[in-house]
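Below is one structure, written out as structure tokens, with a few remarks after it.
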Amino acid sequence: NLDERQLLRAVVERLAEKKIKTLVFFDSRKGTEKLMRFLLNSPVFHKTSTYKGTLPKNIRWEIERDFKEGKLLVLLTTNALELGIDIGDLDAVINYGIPPDGLFSLIQRFGRAGRSADREAINGIVLRKNG
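Spelled out as structure tokens, the structure:
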């Protein structure tokens with residue numbers, strides 16, 4: 006049986022291998038950092054980055070640019086990318102658990118993907134055992 010972390014890693018790897026640009030939302034910075042460490046030996050590690058509001062602005066801009074250009078395919082993020090930041094075409098949004106703000110945040114996050122008329126969106130939730 007896969008545990009949650011293994012399942013999330015498998016999903017992220019599969020999406021990145023298929024070149025599907027993906028945001029993975031977490032409730033905390035700690036969650037983004039844990040998955041990034043878990044992906045350390047993954048073949049998609051170099052196409053993945055964390056993104057959080059506490060990063061210096063120039064680093065955030067660099068990550069946003071690399072994601073738009075396709076150099077990065079997966080961003081592990083907090084609510085920092087929920088609203089107002091242009092990250093270009095996005096194919097998939099995965100939520101790790103239900104956001105603390107509930108349905109409003111979930112709708113905002115899922116709305117990030119598939120904005121282009123010629124692209125489909127993939128949205129999903131990986132439920133945590135304890136929440």
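Just add 5 to wherever you are in the sequence shown, counting from 1, and you've got my numbering. Backbone N, C-alpha and C fix where the C-beta goes; we use that ideal spot for every residue, glycine too.
Just checking my contact of T37 with L81 at CB under 8 Å: how many whole Å lie between their CB atoms? Against the sequence shown, residue 37 aligns to sequence position 32. Against the sequence shown, residue 81 aligns to sequence position 76. Contact holds; Cβ gap of about 4 Å.
What is the residue span of the beta strand (DSSP E) that F43 lies within? Within the sequence shown, residue 43 is the residue found at index 38, counting from 1. Judged by DSSP secondary structure, F43 falls outside any beta strand (DSSP E) and instead within the alpha helix (DSSP H) spanning R34 to F43.
Counting only the same chain and skipping the five closest in sequence on each side, list residues whose C-beta sits under 7 Å from that of F50. Here residue 50 is taken as the residue at index 45 of the sequence shown, counted from 1. Leaving aside the five residues that flank F50 on each side, the residues in its chain whose CB is nearer than 7 Å to its CB run, in chain order, L44.
For the candidate residues S47, V16 and F31, whose alpha-carbon lies nearest to that of G58? Counted from its first residue, the sequence shown places residue 58 at position 53. Comparing Cα-Cα distances from G58 to each of S47, V16 and F31, the minimum goes to F31.
Enumerate in chain order the residues of its own chain whose CB-to-CB distance from V29 is below 6 Å, with the five nearest sequence positions on each side excluded. Stepping through the sequence shown from its first residue, residue 29 is reached at position 24. By the criterion of a C-beta distance shorter than 6 Å, V29 is surrounded in its chain by L81 and I99, once the five residues flanking it on both sides are discounted.
What three-state label does DSSP hand L77 in the structure shown? Along the sequence shown, one-based indexing puts residue 77 at 72. Coil.
Among the residues of its own chain, which have a CB less than 8 Å from the CB of G136, if the five just before and after it don't count? What you label residue 136 is simply residue 131 of the sequence shown in a count that begins at 1. Residue confidence for G136 is low, a pLDDT of 45 falling below 50, so the modelled location carries little weight and cannot support an answer.
Which residue comes first and which comes last in the alpha helix (DSSP H) that contains P15? As a working mapping, residue 15 is identified with position 10 in the sequence shown. The sequence given here has Ala at residue 15, not Pro. Counted as a single uninterrupted DSSP element, the alpha helix (DSSP H) harbouring A15 occupies residues E9 to E22.
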